[in-house]
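Take the sequence shown: its letter number 56 is residue 57 in our numbering, and every next letter is one higher.
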Amino acid sequence: MDIIATDGELLVFEVKSAPKVGEVEYFADKVELVRLQNPDKQVRGVLVALGVGEEIRRACRAHGLMLLPDRRNEQS
């Protein structure tokens, strides 16, 4: 967990250059811990990463994490 920001909700950020699935799962666990510690707030996890493939996108979706930048819709 690299950054926690608040603006009516808690945003928990993790920054990785090329994350592995295990790192996504570990980050999701940390986001869940923040959620449990703040039951009165909406908590969202945001993974910021440059090199991601479909496996990482699936892991983020499975854990309810936002992925930035979201390059699914970019055209070459």
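Glycine included, each C-beta is placed from N, C-alpha and C at the ideal position.
Just so we're clear, the structure is a prediction, and the values are computed from it rather than from any experiment.
Item, Value
"Name the one or two DSSP bridge partners that Val13 has.", "Ile5 and Gly46"
"For the putative contact between Arg62 and Glu10, defined by C-beta atoms under 8 Å, what is the C-beta separation to the nearest angstrom?", "Actually they do not touch by this definition, with Cβ atoms about 19 Å apart."
"Note the first and the last residue of the continuous beta strand (DSSP E) segment covering Leu68.", "Met67 to Leu69"
"Which residues in the same chain have their Cβ closer than 6 Å to the Cβ of Val32, if we skip the five residues on either side of it in sequence?", "Val13 and Gly46"
"Have a look at Ala29, Ser18 and Asn39 and flag the residue whose alpha-carbon is nearest the alpha-carbon of Gly52.", "Ser18"
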